[in-house]
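Visitor: Going by the UniProt record's numbering, the first residue of the sequence shown is number 1, and it counts up by one from there.
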Amino acid sequence: MSADVSSLGKLGDDGGSTRRSSVGRQRLSTGSSRSPWAVQKLRGIVDAPPLTTYPALLEGLQELSEFYEENTRENRRQLRCEMESRTLKSCEQVLKSFAGVQAILSSVQGDVQRMRENVNHISNRLSTARLGASEVVAQTGDLRKKLSNAEKRAQVATLFFKRFLLSRSEEAILESAEISEEFLATLNKLERIHVESKSLLRCRNQRAGLEVVEMAAARREDAYERVYRFVQSRCGALDVESAEDEVESKLLRETIHTLKARPILLGYCADEVGAARRAILVERFVTALTRGGPAGVPRPIEMHAHDAMRYTNDMLAWIHQALASERELIMKLFSNVNESEASERKDGEETALKVLNTIFDALCRPFRVRFEQALDPQPPVVTLYKLASLLEFYAHTMMKLLGDDSGLPNTLLECNSLAMYAFFSSWRSRLESFQSAKPVPSEDLSPPIAVRQSMSRVKEIALTLDGSLSPAEAREEQIVAILEVILNPLITLCARMAAKHLEPVEREIFMANCIDTMRVPLVSFSFAASRAESLMADADAHIDRYIELSTASVLKSFGLYEVSEAIKFAQPGIALSRVPGLDSQTLAVGLNNFYAVLFERGQKSLANPERLRPPKIERISNSRMRLRVNRAVLQALTDLYAKIYKAMHDPENEYQVDQAGVLNPWDPQKVFLVLSGHFDLPNDM
1 MSADVSSLGK LGDDGGSTRR SSVGRQRLST GSSRSPWAVQ KLRGIVDAPP LTTYPALLEG
61 LQELSEFYEE NTRENRRQLR CEMESRTLKS CEQVLKSFAG VQAILSSVQG DVQRMRENVN
121 HISNRLSTAR LGASEVVAQT GDLRKKLSNA EKRAQVATLF FKRFLLSRSE EAILESAEIS
181 EEFLATLNKL ERIHVESKSL LRCRNQRAGL EVVEMAAARR EDAYERVYRF VQSRCGALDV
241 ESAEDEVESK LLRETIHTLK ARPILLGYCA DEVGAARRAI LVERFVTALT RGGPAGVPRP
301 IEMHAHDAMR YTNDMLAWIH QALASERELI MKLFSNVNES EASERKDGEE TALKVLNTIF
361 DALCRPFRVR FEQALDPQPP VVTLYKLASL LEFYAHTMMK LLGDDSGLPN TLLECNSLAM
421 YAFFSSWRSR LESFQSAKPV PSEDLSPPIA VRQSMSRVKE IALTLDGSLS PAEAREEQIV
481 AILEVILNPL ITLCARMAAK HLEPVEREIF MANCIDTMRV PLVSFSFAAS RAESLMADAD
541 AHIDRYIELS TASVLKSFGL YEVSEAIKFA QPGIALSRVP GLDSQTLAVG LNNFYAVLFE
601 RGQKSLANPE RLRPPKIERI SNSRMRLRVN RAVLQALTDL YAKIYKAMHD PENEYQVDQA
661 GVLNPWDPQK VFLVLSGHFD LPNDM
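Right, here's the structure in full:
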């Protein structure tokens, strides 16, 4: 059989595949008549794929080849039975192998069964215990709820006690005789209790609220009364200049801040503080006036009572320093910058300002009396203005500290009015004395002493005004008012002097000199610029009139004035040679005189050099004005000569050629160059 199996295995060999196919086909063809089934069977075997494609089948066939040693027919018939027998033996071996495992699994199953029984027993016992403990759990939950409620009620009671009742230590603090920070803190808590206890009256249990309100009200009245008496006794003892009173000042400030809960008591307290500080301030002021500082330093203010300026300045400086110190103290006492509400801060500042005004109103009368005494005898006029300026400065400075309607700044403004009234009265009396003296202009036509002295004082006044802190508009208004009182009478005085004692040319020079002297001190100050420009315009107007008069005087000296007037008023269309004053003979005389002076001076001759110069021009004090006059006269002479030259060479004027030749007029440009040497003009002219 093994040989058959091996022969069957060789069917898959590639080398004999062709032969087997041919043999198979022959057998099929020869045996087709014998058995169709066998033919089909063989055909299926022949057409089957090679066994090499089935490794598992080959392995099985290899195993079968080991069953028998010989390939016999009997063995091939018993092949199935042999295979089944071998299979049964293999199964028996497997069963024998798993017998131990089965025993172990049976033991495990028994253990699991016993464990299940124990678990069921324990579960039954737990169910029984759970049913028994449910009542205990319920009772425990109820007790916990009761405990939680009790704790909450205890917390509420504790909070209520802390919120609406005073502790024993706090009650002892309120009953103590000393006012301290702890006392004020306890009073603030009592005030808060009084305010918040009103909310208890809106609850269902109003009894507690009523008891708290009654307790707080009774204790508050006594506490606030003690606080008021403390402020009343301590406010006057503070020394604003002592650093040792800082702690006392802080306690007093907190005490007054506590009284803000009682506006009526706070008002009484403010009045008491004002009265106490008022008395102390007056005493300190009198001491500074009469005895000075400690050990005589600084010296008494009244030692300088003879010097009105220093006396007033020292008093005002002392008052200002005292105001700064008192304001710092009062603001600390009544105004708390830490207050959250703006309205509360404003109320505190208003109360502080009211107290300050109460304090410093006491200095109004002493200061005014002493200031009026300082004005007798009347100080110099400049000192009066300096006093007025000083008073105005301190008045506005103190207004910023005390308010616009306060008494002390208004008193200073009244004293300022007194000083200004004395100032203007002094000026008027001085000007009246100048006029009554009937002054006469000097020969050099310089301004009178009244103008020079007045403008010297005006300059001092302007310097004082320039150093003030007043706005530019206010300074301009002040200088305008002052100059209105000073300059207008001076100009009137100078005009009367000139009209009474001087000729027209001298009059214009004198007025120009006086007005220019008034202008010069004002040029350096911006707030007096408008009046300086006005004075310059007035001086220039007088110079313009002087130019007209001096030009006419120079032309008359040559006999050309009538020629100038004739040319000015000549009718158009008429020959100038036929106009009276413009005939050839008159022109020849005038031009010859003009040439004589012009060229004689050019040839270093001293025949009459002053005929070309404007009369008395050297008496004009301002060099700018002198230059302007020289330029104007030179231009007038040059223009007139150019007109004459043009007219003589114009055929329409009927001047004969020989006449022109006799006159021999010079070219106008050459005449201008020669004329320029006769006038004090700069090189660029």
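Here a beta-carbon is modelled for each residue, glycine too, at the ideal position from N, C-alpha and C.
Do residue 408 and residue 375 have their C-beta atoms within less than 8 angstroms of each other?
Guide: Along the sequence shown, one-based indexing puts residue 408 at 408. Along the sequence shown, one-based indexing puts residue 375 at 375. In this structure, residue 408 keeps its C-beta atom at 8 angstroms or more from the C-beta atom of residue 375.
Visitor: Give me the Cα-Cα distance between residue 666 and residue 480, rounded to the nearest whole angstrom.
Guide: Here the question's residue 666 lines up with position 666 in the sequence shown. Here the question's residue 480 lines up with position 480 in the sequence shown. Cα to Cα, the separation comes out at about 55 angstroms.
Visitor: On the DSSP letters alone, give me the boundaries of the alpha helix (DSSP H) that residue 76 sits inside.
Guide: Within the sequence shown, the letter at position 76 stands for residue 76. Residues 73–77.
Visitor: Can residue 395 and residue 416 be called in contact, C-beta distance under 8 angstroms?
Guide: The count along the sequence shown starts at 1 and reaches residue 395 at position 395. The count along the sequence shown starts at 1 and reaches residue 416 at position 416. In this structure, residue 416 lies closer than 8 angstroms to residue 395 by Cβ.
Visitor: Taking contact to mean 3 or more Cβ pairs, one atom from each stretch, closer than 8 angstroms, check whether the stretch 525–545 and the stretch 573–583 are in contact.
Guide: Because the criterion of three Cβ pairs below 8 angstroms is not met, the stretch 525–545 and the stretch 573–583 do not touch.
Visitor: Please state whether the Cβ-Cβ distance between residue 216 and residue 193 is less than 8 angstroms.
Guide: The residue given as residue 216 occupies position 216 in the sequence shown. The residue given as residue 193 occupies position 193 in the sequence shown. Contact annotation: residue 216 and residue 193 have beta-carbon atoms nearer than 8 angstroms.
Visitor: Do the stretch 613–625 and the stretch 636–651 meet, that is, are 3 or more Cβ pairs less than 8 angstroms apart?
Guide: no
Visitor: Measuring alpha carbon to alpha carbon, tell me which of 543, 431 and 357 ends up nearest residue 381.
Guide: As a working mapping, residue 381 is identified with position 381 in the sequence shown. Taking only the C-alpha atoms, the option nearest residue 381 is 431.
Visitor: Kindly indicate which residue of 211, 648, 159 and 219 has the alpha-carbon position closest to the one of residue 188.
Guide: Your numbering for residue 188 matches position 188 in the sequence shown. Closest option to residue 188, Cα to Cα, is 219.
Visitor: Any chance the stretch 492–500 sits against the stretch 458–468, with 3 or more Cβ pairs inside 8 angstroms?
Guide: no
Visitor: Just to confirm my understanding: we take residue 589, look at its own chain, exclude 5 residues before and 5 after, and list those with CB closer than 7 angstroms. What are they?
Guide: Counting from one through the sequence shown, the residue named residue 589 turns up at place 589. Contacts found: 559.
Visitor: Less than 8 angstroms between the beta carbons of residue 319 and residue 352, yes or no?
Guide: Position 319 of the sequence shown, counted from the start, is the residue given in the question as residue 319. Position 352 of the sequence shown, counted from the start, is the residue given in the question as residue 352. The Cβ-Cβ distance between residue 319 and residue 352 does not fall below 8 angstroms.
Visitor: Is the distance from the Cβ of residue 323 to the Cβ of residue 367 below 8 angstroms?
Guide: Within the sequence shown, the letter at position 323 stands for residue 323. Within the sequence shown, the letter at position 367 stands for residue 367. The answer is no: Cβ separation not under 8 angstroms.
Visitor: Helix, strand or coil, according to DSSP, for residue 575 in the structure here?
Guide: Position 575 of the sequence shown, counted from the start, is the residue given in the question as residue 575. Of the three classes helix, strand and coil, the one that applies to residue 575 here is coil, per DSSP.
Visitor: Got a sec? Which residues, its chain only, sit under 7 angstroms from residue 89 by beta carbon, not counting five neighbours each side?
Guide: The residue given as residue 89 occupies position 89 in the sequence shown. Answer for residue 89: no residue qualifies.
Visitor: If you draw a straight line from the alpha carbon of residue 24 to that of residue 38, how long is it in whole angstroms?
Guide: One-based indexing of the sequence shown puts residue 24 at position 24. One-based indexing of the sequence shown puts residue 38 at position 38. Only weak support is given to the placement of residue 24: the predicted model assigns it a pLDDT of 45, under 50, and the value that follows is read from those uncertain coordinates. Residue 24 and residue 38: Cα-Cα distance of roughly 12 angstroms.
Visitor: For residue 669, does the three-state DSSP call read helix, strand or coil?
Guide: For the purposes of this step, residue 669 is taken as residue 669 along the sequence shown, with counting starting at 1. Three-state result, residue 669: helix.
Visitor: Any idea if residue 714 is buried or exposed, counting beta-carbon neighbours within 10 angstroms, 16 or more meaning buried?
Guide: A query on residue 714 cannot be resolved here, the shown segment of the chain reaching from 1 to 685 and no further.
Visitor: Whose CA, out of 325, 46 and 294, lies closest to the CA of residue 281?
Guide: Looking up residue 281 in the sequence shown gives position 281. Taking only the C-alpha atoms, the option nearest residue 281 is 325.
Visitor: Would DSSP call residue 645 helix, strand or coil?
Guide: Sequence index remark: in the sequence shown, residue 645 carries index 645 (1-based). Helix, per DSSP.
Visitor: Look up residue 655 in the DSSP assignment and say whether it is helix, strand or coil.
Guide: Translated into positions along the sequence shown, residue 655 becomes position 655. Coil, per DSSP.
Visitor: Are the stretch 505–513 and the stretch 544–556 touching, with three or more C-beta to C-beta distances below 8 angstroms?
Guide: yes
Visitor: Please give the ranges of any alpha helix (DSSP H) in the stretch 125–213, keeping only runs that are unbroken, at least 4 residues long and fully inside the region.
Guide: 168–175 and 181–196
Visitor: Where does residue 476 land, buried or exposed, given buried means 16+ other C-beta within 10 angstroms?
Guide: In the sequence shown, counting from the first residue as 1, residue 476 sits at position 476. So residue 476 counts as buried.
Visitor: For the stretch 344–409, which segments carrying the beta strand (DSSP E) assignment without a break, of at least 3 residues, lie completely within its bounds, in sequence order?
Guide: You should have found no qualifying run.
Visitor: For residue 70 and residue 100, I'd like the C-alpha separation in whole angstroms.
Guide: Locating residue 70 in the sequence shown gives position 70, counting from the first residue. Locating residue 100 in the sequence shown gives position 100, counting from the first residue. For residue 70 and residue 100, the distance between alpha carbons rounds to 40 angstroms.
Visitor: Quick check on residue 567: does DSSP put it in helix, strand or coil?
Guide: Looking up residue 567 in the sequence shown gives position 567. Of the three classes helix, strand and coil, the one that applies to residue 567 here is helix, per DSSP.
Visitor: For residue 267, count neighbouring C-beta atoms within 10 Å of its own C-beta (all shown protein chains included) and say buried if the count is 16 or more, exposed if not.
Guide: On the sequence shown, residue 267 is found 267 positions in, with the first residue counted as 1. It counts as exposed.
Visitor: Once you ignore the five residues that flank residue 426 on each side, which residues in its own chain have a CB closer than 7 angstroms to its CB?
Guide: Taking the first residue of the sequence shown as 1, we reach residue 426 at position 426. So the list reads 378, 381 and 384, once near-sequence residues are dropped.
Visitor: Can you give me the C-alpha to C-alpha distance between residue 486 and residue 540, rounded to a whole angstrom?
Guide: Here residue 486 corresponds to residue number 486 of the sequence shown, with the count starting at 1. Here residue 540 corresponds to residue number 540 of the sequence shown, with the count starting at 1. Whole-angstrom Cα-Cα distance: 21 angstroms.
Visitor: For my contact list, residue 354 and residue 270 are in at a C-beta cut-off of 8 angstroms; report their separation, rounded to the angstrom.
Guide: For the purposes of this step, residue 354 is taken as residue 354 along the sequence shown, with counting starting at 1. For the purposes of this step, residue 270 is taken as residue 270 along the sequence shown, with counting starting at 1. Sure, about 7 angstroms apart at Cβ, within 8 angstroms.
Visitor: Which one of 203, 356 and 254 has the shortest CA to CA distance from residue 279?
Guide: Your numbering for residue 279 matches position 279 in the sequence shown. The shortest C-alpha separation from residue 279 is found at 356.
Visitor: Applying the criterion that 16 or more other CB atoms from any shown protein chain within 10 Å of the CB defines a buried residue, is residue 86 buried or exposed?
Guide: The sequence position of residue 86 within the sequence shown is 86, counting from 1. By the neighbour-count rule (16 or more Cβ atoms within 10 Å), residue 86 is not buried but exposed.
Visitor: Using only the alpha-carbon positions, how far apart do residue 676 and residue 670 sit?
Guide: Along the sequence shown, read from residue 1 onward, the residue named residue 676 stands at position 676. Along the sequence shown, read from residue 1 onward, the residue named residue 670 stands at position 670. Cα to Cα, residue 676 sits roughly 10 angstroms from residue 670.
Visitor: Is the separation between the beta-carbon of residue 422 and that of residue 391 shorter than 8 angstroms?
Guide: Here residue 422 corresponds to residue number 422 of the sequence shown, with the count starting at 1. Here residue 391 corresponds to residue number 391 of the sequence shown, with the count starting at 1. No, they are not a contact pair.
Visitor: Is residue 389 closer than 8 angstroms to residue 468 when the C-beta atoms are compared?
Guide: The residue given as residue 468 occupies position 468 in the sequence shown. The residue given as residue 389 occupies position 389 in the sequence shown. Yes, they are a contact pair.
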